[in-house]
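As they're listed, the protein sequences go chains X and R. For the first sequence, the numbering used here assigns the number -16 to the initial residue and increments by one for each residue that follows. For the second sequence, the numbering used here assigns the number 7 to the initial residue and increments by one for each residue that follows. Each residue gets a CB set at the ideal place from its N, CA and C atoms; glycine is no exception. Okay, so here's the structure we're looking at.
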Amino acid sequence: MRVKKYVPYVMIAIGFGLIITGVVVAFTQQKQNEKIIKIASADGVTLPTTKKITESEFQKYTVAASLPRYIFIPSINVKAIVQSVGLTKNNQIDTPNSIYDTGWFNQSSKPGQAGATVIDGHFGTWQTKGIFSGISGLKAGTIIQIQKGDGTKLNYSVVSVKTYPLANVDMNALLNPVNAKTPGLNLITCSGTVVKGTYQYDKRVVVFAQLVK
Amino acid sequence: MKQIRTGKFVLTIVTSIGLISSLFFPSLAFAYSGYGMGTSHDPYLISSCQELQDMNQNLTGYYTLVSNVDCSGFNFSAVGNLAAKFSGQLDGGSHTILNLVPADGSFAIGLFGATDGAVIKNLKLEGGTVSISPMNPYVGGVVGFAQNTTLTNVHSNQTINSNSYGYLGGLVGIISNNDTIAESSFSGNLSGTDTNSYTGGIAGLIYDSASSITNSYTTGTIYPPSGGHSIGGIVGSNFSGGSITNVYSTVTFSAAGINGAGGLIGLDDTNGGRLENSFAAATISGTGANVGAVIGQRYNSTPLVNDYFDQSKGPVNCVGSDFSIIAPECAQENYGNSYPNFFKNNTTNGPLSTWDFTTIWQQNASYPILKNEAAFIDPTVPNNGDANNDGIQDSYQANVTTVTNNTTGAYTVLQSSCTLNRFVIADVEASGSSSDANFDYPAGGISFEIYCAPGTTATITEYFYGSFEASKLVMRNWDGANTYTTIPGATLSNITIAGQPVLKVVYQVTDGGALDYLQLADGIIDMISGPGLNIVHPPNTGFNPPLNNSSKLLEEYIAVAFVLFVAAEVIRRYTR
């Protein structure tokens, strides 16, 4: 087969076209990123890192005796430190620094105490799954273990898993124990897809668990 | 964290201080022990029998009942007397004074002994048996002796037993001069033993021509003194030409031995007065002198206009003894019970056909009733005054209080399982440091004090009129400092009452428990609470930095271009 002489030049032209297009698209997207990041910054949201702490750092991590230190969910390979998080200036529950860490909402109950202990964790980033990316698949009866700062280990059993549209998350349910008479543990993370033009996913998954003796 | 905002509950600092001070210092050194300044804009607020009694401290003040008041066991002295008459205003606020028993022996006896220029309105007296000894001539359920006084929307269901000569009335003993009674009623029992007395369901006697009784009615029973005179379902005697319009009576009494007894007026000794658009269905038994279905004795030229009576209830004559030269327009109906349906939902037979059934009267299964009867207490309270829909008008129940919500403008009802509610205020959340950081209060909040046996665990039921999504709310309690807690076990639900959406909240609180303001098992539970909307938002646990991986995209484009370049070079060499 004889190839036209101009074909390589067309391909080179296309290649340059792709590079130019890539630069333009990348530049545009970068601007979009900067815009969204700017929105997030304005909302007081700190971007999580994708840095994983070392085993040594994990072992050295400490918190007050009554607060949650670690969370373990062996069935989905969750083994993470628990940071204390409050509210952003938009009254949104804050998130941990790293996608591999978890955050205990410091206005929720301490582990083992009446009420619900609320812990959040990241769903993930563009390329990397976060610590709670798998909690939507937890089944009823799955054990979640919380270790407190004093070393006490508390086991919670999953009761249910619910997915809510972002605008309709049942905050009363999230902030209260699934069983009013038993200390609860409620985990939350994102799910769904990113809402265009925002930094938010369009859904939230909540795992409701209760203390088992 | 949260900026100052409007539309939130918790009492204002002033109110809180007032509440706290009232808790610790119920009898401060003021003449009046309750809230308020006693002015028309800031009336004294009455929520206890002591505060009711304190009206004697200021006979010109303005007063408002803020809850029902139970005077059981309270040694009450009539407010004002013939020497120092009450000339202020009392607005019952559609509440009820229960079991009031004014002390005997003060000559003029009632809630008010004597009034001059007073205004009394929106009030009901319920229960209590008043016993009067001889030489106490002016006795009424509300006022003993009245002049220049107005009673509007005032109702009594008391029992008054008098052994005195004089003037005995269900509402007023004697209407002496320029008094007005409107939209009022008596439905209790009156009894007298002194033959020298005037007895009437509304008043014992109207003394002057400038006074009037309108749009009012009486039921209940009168027990006149044997051998007495001037007994009437509305007034014992209309002495000097008072005007009586749009009234009716269904009282029961025996006219045996009575001289001058009528279903509406015992003795009409007037010249220029008027009895118009009224009917008598008084059950009159026994034989006396000058007994008529409507008027016992009529003198001079008092017109009777568009009146009628139910003959089946007693006398066959409208007027027992008529000395007037003007024939009465007084129709006898249902003779011998031959036409009992005459009155039922009937607006076509005369004189009913000439009455005002648009604004004054309304049809009824039996006799016509006054339009204001159905909503005598507070026509604006939902469900005809029964805002909690328990079948009883709220104002009649000391443990059910309906107030206007200062946040929503609609009504909020507090129902407790205790005996008495006080200080019920549905308010907005205060701004500043005392606001609940993570909650909004779209339905406002409610503060109250309830009385129970010490240590009681009470059930509190609250009804917030308006559209509030129960599933998004929790019941919050404020401890009086800056701590808010969610009330455990509180249930919130959306219901409909009389077609209106209502948020219903039920929870329990123990006297002396954690939710009780002072945490004292003293028989008094104080609370400040409200349905809170959690304004904490879910976390953003999916942030994706960067959302669009621009550098990766560029790398991919460059990679494809590189492949093209390599391919182009290969082709170019191949085709050379």
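Spatial neighbours of residue i in its chain, beta-carbon cut-off 8 Å, leaving aside the 5 residues before and after
{"i": "V178 of chain X", "result": "L149, Y184, D185"}
{"i": "S359 of chain R", "result": "T353"}
{"i": "S53 of chain R", "result": "G40, L71, V72, S73, V75, R428, F429"}
{"i": "T181 of chain X", "result": "I19, I22"}
{"i": "N483 of chain R", "result": "Y490, T491, T492, I493, L521, M533, I534, S535"}
Backbone secondary structure at residue i - three-state DSSP
{"i": "C77 of chain R", "result": "coil"}
{"i": "I564 of chain R", "result": "helix"}
{"i": "N60 of chain X", "result": "coil"}
{"i": "C173 of chain X", "result": "strand"}
{"i": "V152 of chain X", "result": "coil"}
{"i": "F31 of chain R", "result": "Note that F31 of chain R has pLDDT 34, beneath the 50 cutoff, so the model's placement of it is unreliable and the number below is only indicative. Coil at F31 of chain R, not helix or strand."}
{"i": "Q368 of chain R", "result": "strand"}
{"i": "Q15 of chain X", "result": "helix"}
{"i": "M43 of chain R", "result": "coil"}
{"i": "C55 of chain R", "result": "helix"}
{"i": "K478 of chain R", "result": "helix"}
{"i": "L1 of chain X", "result": "helix"}
{"i": "D485 of chain R", "result": "coil"}
{"i": "G194 of chain R", "result": "coil"}
{"i": "G536 of chain R", "result": "strand"}
{"i": "L106 of chain R", "result": "coil"}
{"i": "L376 of chain R", "result": "strand"}
{"i": "A163 of chain X", "result": "coil"}
{"i": "T547 of chain R", "result": "coil"}
{"i": "I(-5) of chain X", "result": "helix"}
Proximity below 9 Å, CB of residue i to CB of residue j
{"i": "L420 of chain R", "j": "V409 of chain R", "result": "yes"}
{"i": "P94 of chain X", "j": "G86 of chain X", "result": "no"}
{"i": "I6 of chain R", "j": "L177 of chain R", "result": "With chain R covering only 7 through 582, there is no way to say anything about residue 6 of chain R."}
{"i": "S422 of chain R", "j": "T465 of chain R", "result": "yes"}
{"i": "D122 of chain R", "j": "Q153 of chain R", "result": "yes"}
{"i": "L509 of chain R", "j": "L539 of chain R", "result": "no"}
{"i": "G584 of chain R", "j": "Y523 of chain R", "result": "The requested residue 584 of chain R does not occur in the structure, where chain R is confined to residues 7 to 582."}
{"i": "I577 of chain R", "j": "P(-9) of chain X", "result": "yes"}
{"i": "V72 of chain R", "j": "R428 of chain R", "result": "yes"}
{"i": "K131 of chain X", "j": "F191 of chain X", "result": "no"}
{"i": "I531 of chain R", "j": "T516 of chain R", "result": "yes"}
{"i": "A202 of chain R", "j": "S168 of chain R", "result": "In the sequence under discussion, the amino acid at residue 202 of chain R is Asn, which differs from the Ala named in the question. No, the Cβ-Cβ distance between N202 of chain R and S168 of chain R is not below 9 Å."}
{"i": "G583 of chain R", "j": "I366 of chain R", "result": "Residue 583 of chain R falls outside the range modelled here, since chain R spans only 7 to 582, and no answer is possible."}
{"i": "Q525 of chain R", "j": "T463 of chain R", "result": "no"}
{"i": "I126 of chain X", "j": "P31 of chain X", "result": "no"}
{"i": "K34 of chain X", "j": "S81 of chain X", "result": "yes"}
{"i": "V101 of chain X", "j": "L157 of chain X", "result": "yes"}
{"i": "G302 of chain R", "j": "L281 of chain R", "result": "no"}
{"i": "A9 of chain X", "j": "L570 of chain R", "result": "no"}
{"i": "A109 of chain R", "j": "K91 of chain R", "result": "no"}
{"i": "L129 of chain R", "j": "T165 of chain R", "result": "no"}
{"i": "Y223 of chain R", "j": "E379 of chain R", "result": "yes"}
{"i": "I115 of chain R", "j": "T155 of chain R", "result": "no"}
{"i": "L211 of chain R", "j": "N244 of chain R", "result": "yes"}
{"i": "H105 of chain X", "j": "T37 of chain X", "result": "no"}
Burial state of residue i, where buried means 16 or more other Cβ atoms lie within 10 Å
{"i": "Q96 of chain X", "result": "exposed"}
{"i": "N355 of chain R", "result": "exposed"}
{"i": "G120 of chain X", "result": "exposed"}
{"i": "G69 of chain X", "result": "exposed"}
{"i": "K164 of chain X", "result": "exposed"}
{"i": "Q42 of chain X", "result": "exposed"}
{"i": "G172 of chain R", "result": "buried"}
{"i": "F36 of chain R", "result": "Confidence in F36 of chain R is poor, its pLDDT being 43 and thus under 50, which makes the residue's placement too unreliable to answer from."}
Close-in-space but distant-in-sequence residues of the same chain around residue i (CB under 6 Å, 5 per side omitted)
{"i": "S46 of chain R", "result": "Y68"}
{"i": "D48 of chain R", "result": "G42"}
{"i": "T220 of chain R", "result": "A188, T251, N252"}
{"i": "V195 of chain X", "result": "N138, S140"}
{"i": "L310 of chain R", "result": "L281, P334, E335, C336"}
Cβ shell of residue i (< 7 Å), same chain only, five flanking positions each side left out
{"i": "G175 of chain X", "result": "Y184, D185, K186"}
{"i": "P448 of chain R", "result": "F474, L539"}
{"i": "S28 of chain R", "result": "Summary for S28 of chain R: the model assigns pLDDT 37, below 50, so the residue's position carries little reliability; its value from the coordinates is reported in the next sentence. Cβ neighbours of S28 of chain R beyond the five flanking positions: none."}
CB contact check: residue i to chain B, cutoff 9 Å
{"i": "Q90 of chain X", "result": "Among the protein chains of the structure shown, namely X and R, there is no chain B."}
Which residue spans inside the region 75 to 114 of chain X form an unbroken beta strand (DSSP E) run of at least 3? Along the length of the region 75 to 114 of chain X, whole beta strand (DSSP E) runs at least 3 residues long occupy 85 to 88, 99 to 104, reported in chain order.
Mind pulling the beta strand (DSSP E) runs of 3 or more residues that sit fully within the region 283 to 350 of chain R? Segments of the beta strand (DSSP E) lying fully in the region 283 to 350 of chain R: 289 to 291, 295 to 298, 301 to 304, 313 to 316, 325 to 328, 336 to 339.
Along the chain, which unbroken stretches of the beta strand (DSSP E) at least 3 residues long are found entirely within the region 196 to 240 of chain R? Those beta strand (DSSP E) runs which fall completely within the region 196 to 240 of chain R and span 3+ residues are 203 to 206, 209 to 212, 218 to 224, 227 to 229, 235 to 238.
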